[in-house]
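Chains as they are written, first to last, in our numbering: chain A, 203 to 674; chain B, 2 to 82. Working notes, beginning with the structure itself.
Below, the structure written as structure tokens:
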């Protein structure tokens, strides 16, 4: 037998066609190649091109088949032991952002913190289900309102786990002496919010000059106390975006150059106050492309302090590198409730933070147990039905299926169901745009683009990573 | 306006798959399956090129997916032992 691996294709905006097999192997070609491929009339040059890339099968068990199957196996994420836990010691918060995703409670409210019994159960749960390493993210509400609970968890983890990493997600509206001492520890990281420009941050989040000024002072102090361990994320309203230049200037001011560009997520309070966030937004798409173009322009000045967009780099790695499964929103199968768990303020367990929010807003209870009772395996199993994108009738014809993932929780949040045809989901639309953009950059002959890609992917120098097959 | 996308009568199954997908992607377009062609009507003139290209690509995609489904199944069977 001689057969070409089944290929998929997609037309890019400029007319080029992206091709790949089910495990990746991305390249660009044209309509003439597509015509020859689908009519089984490949030229000897076509055959040679595909053969050199391990895409021609000659006999069962040959090197091309083994190589393909190995990549396919690597592309298939396996359930892993619990290694990332998101803890919500309190739902209370001292800010009231309109796009808050988490149905926060007021700072003075009662009954929204872990009880002493819940804390004890959390520690027992971590002991029972954890492996040798653990990463814990403290979320809220504003978790620093209960530093005592955070310190109890950290102290326990230092005795129980060999390797630990803690991420404190805080709005940095306060930086008390105990908090300063906490973030001075080498395994404690800070994740905060910085909404594009100082003006936007004040408008959307801190509301007045005094609170904004305090946040900025606290951010600078935190960066001195925890050098290299402070990161910030912008939450951006597609109807009120900063310019690309203003956004990068703001992050540059604080020496932060890896930015995760996120529009408002259609969760929690944002569902009522930002209903347009339910859909993928064309304005967001243009803004995203403009920021990347500005990053590439600035990166051309030198590699010392380069900018990157976290999710674009992730998408590129997913396109090129089988087995790069670190991000739970972008992997397939997306095993829910295995390596990543959320513990809410009342001790309930959720597979993701978005699942917690759906329960908080009363849409659907996706809890999979509690720290007291443990994981409910039957409920967890029910969540896995849409985990594998290769089984989806739309994804199984998609050129990006190997690199993409599955996020049934996001579909539930936006559409109220998980069986919506993929192209109609915001998840699919957003990722189609990111992958198209990534392929255009990876196949670019522009040296400035290639230089940025080398910096993002840790390569020694500029290179065109997705080949353009000249097959006229 | 209307468009005709021809197919070989033996490829009717792929044409039906194409029509199903196009109805999802372009819900305002009327799609009929004839013996040897898909007829797309009610197309806004300013989107005719885009829709014609999408329909043509989808027909190729559906045909090719059917042509290679046996090989895909065999490869998955090999993967799963």
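Positions of the beta carbon are idealized from the N, C-alpha and C atoms, including for glycine.
Mind reading off the beta-carbon distance from residue i to residue j? Whole number of angstroms is fine, and I expect it under 8 angstroms.
i: residue 524/A; j: residue 225/A; result: 6 angstroms
i: residue 30/B; j: residue 44/B; result: 6 angstroms
i: residue 628/A; j: residue 277/A; result: Contact doesn't hold; Cβ gap of about 24 angstroms is too wide.
i: residue 363/A; j: residue 385/A; result: Their Cβ separation, rounded to whole angstroms, is 19 angstroms, which puts residue 363/A and residue 385/A out of contact at 8 angstroms.
i: residue 259/A; j: residue 250/A; result: Not a contact, Cβ separation roughly 15 angstroms.
i: residue 671/A; j: residue 230/A; result: 7 angstroms
i: residue 394/A; j: residue 372/A; result: 6 angstroms
i: residue 666/A; j: residue 654/A; result: At roughly 13 angstroms, the Cβ-Cβ gap does not stay under 8 angstroms, so residue 666/A and residue 654/A are not in contact.
i: residue 451/A; j: residue 283/A; result: At roughly 43 angstroms, the Cβ-Cβ gap does not stay under 8 angstroms, so residue 451/A and residue 283/A are not in contact.
Give a yes or no on whether 8 angstroms exceeds the smallest Cβ distance from residue i to chain B.
i: residue 662/A; result: no
i: residue 575/A; result: no
i: residue 623/A; result: yes
i: residue 205/A; result: yes
i: residue 240/A; result: yes
i: residue 213/A; result: yes
i: residue 208/A; result: yes
i: residue 626/A; result: yes
i: residue 189/A; result: This structure gives no information on residue 189/A, because the portion of chain A shown stretches from 203 to 674.
i: residue 231/A; result: no
i: residue 275/A; result: yes
i: residue 244/A; result: no
i: residue 236/A; result: yes
i: residue 252/A; result: no
Determine which residues share a DSSP beta bridge with residue i and list them.
i: residue 338/A; result: 287/A, 368/A
i: residue 455/A; result: According to DSSP, which records beta bridges pairwise, residue 455/A is partnered with nothing at all.
i: residue 295/A; result: 308/A
i: residue 315/A; result: 292/A
i: residue 492/A; result: In the DSSP output, where bridge partners are listed per residue, residue 492/A has none listed.
i: residue 550/A; result: 572/A
i: residue 219/A; result: 213/A, 231/A
i: residue 38/B; result: 7/B
i: residue 205/A; result: 259/A
Taking only beta-carbon positions, decide if residue i is within less than 8 angstroms of chain A.
i: residue 67/B; result: no
i: residue 58/B; result: yes
i: residue 32/B; result: no
i: residue 39/B; result: no
i: residue 6/B; result: no
i: residue 76/B; result: yes
i: residue 84/B; result: Nothing in the structure corresponds to residue 84/B, since chain B is present only between 2 and 82.
i: residue 80/B; result: yes
i: residue 72/B; result: yes
i: residue 166/B; result: The question about residue 166/B has no answer here: the residues shown for chain B are numbered 2 through 82.
Are there 16 or more other CB atoms within 10 angstroms of the CB of residue i, so buried, or fewer, so exposed?
i: residue 204/A; result: exposed
i: residue 54/B; result: exposed
i: residue 461/A; result: buried
i: residue 369/A; result: buried
i: residue 16/B; result: buried
i: residue 566/A; result: exposed
i: residue 652/A; result: buried
i: residue 361/A; result: exposed
i: residue 56/B; result: buried
i: residue 403/A; result: buried
i: residue 591/A; result: buried
i: residue 557/A; result: buried
i: residue 74/B; result: exposed
i: residue 160/A; result: The requested residue 160/A does not occur in the structure, where chain A is confined to residues 203 to 674.
i: residue 584/A; result: exposed
i: residue 330/A; result: exposed
i: residue 2/B; result: exposed
Locate the beta strand (DSSP E) running through residue i, then write down its first and last residues.
i: residue 239/A; result: No beta strand (DSSP E) contains residue 239/A, which is instead part of the alpha helix (DSSP H) from 233-240.
i: residue 7/B; result: 4-7
i: residue 502/A; result: Residue 502/A -> no beta strand (DSSP E), and no H or E assigned at all.
i: residue 543/A; result: 542-545
i: residue 346/A; result: Premise fails: residue 346/A is in no beta strand (DSSP E) and is neither H nor E.
Identify the continuous alpha helix (DSSP H) that holds residue i and give its terminal residues.
i: residue 69/B; result: 49-81
i: residue 432/A; result: Residue 432/A -> not in any alpha helix (DSSP H); beta strand (DSSP E) instead, spanning 432-435.
i: residue 633/A; result: 628-644
i: residue 212/A; result: Run containing residue 212/A: none in the alpha helix (DSSP H); it sits in the beta strand (DSSP E), 210-213.
i: residue 361/A; result: 349-362
i: residue 272/A; result: 265-277
i: residue 563/A; result: Unbroken run through residue 563/A: none, as it is neither H nor E.
i: residue 385/A; result: 379-385
i: residue 605/A; result: Run containing residue 605/A: none; DSSP gives neither H nor E here.
i: residue 400/A; result: 400-403
i: residue 655/A; result: 649-659
i: residue 620/A; result: From DSSP, residue 620/A is part of no alpha helix (DSSP H); its letter is neither H nor E.
Beta carbon of residue i: closer than 7 angstroms to some heavy atom of the ligand COA?
i: residue 614/A; result: Ligands displayed in this structure: none; no statement on the ligand COA is therefore possible.
Contacting positions in the stretch 587-611 of chain A - beta carbon closer than 7 angstroms to chain E: The structure shown contains no chain E; its protein chains are A and B.
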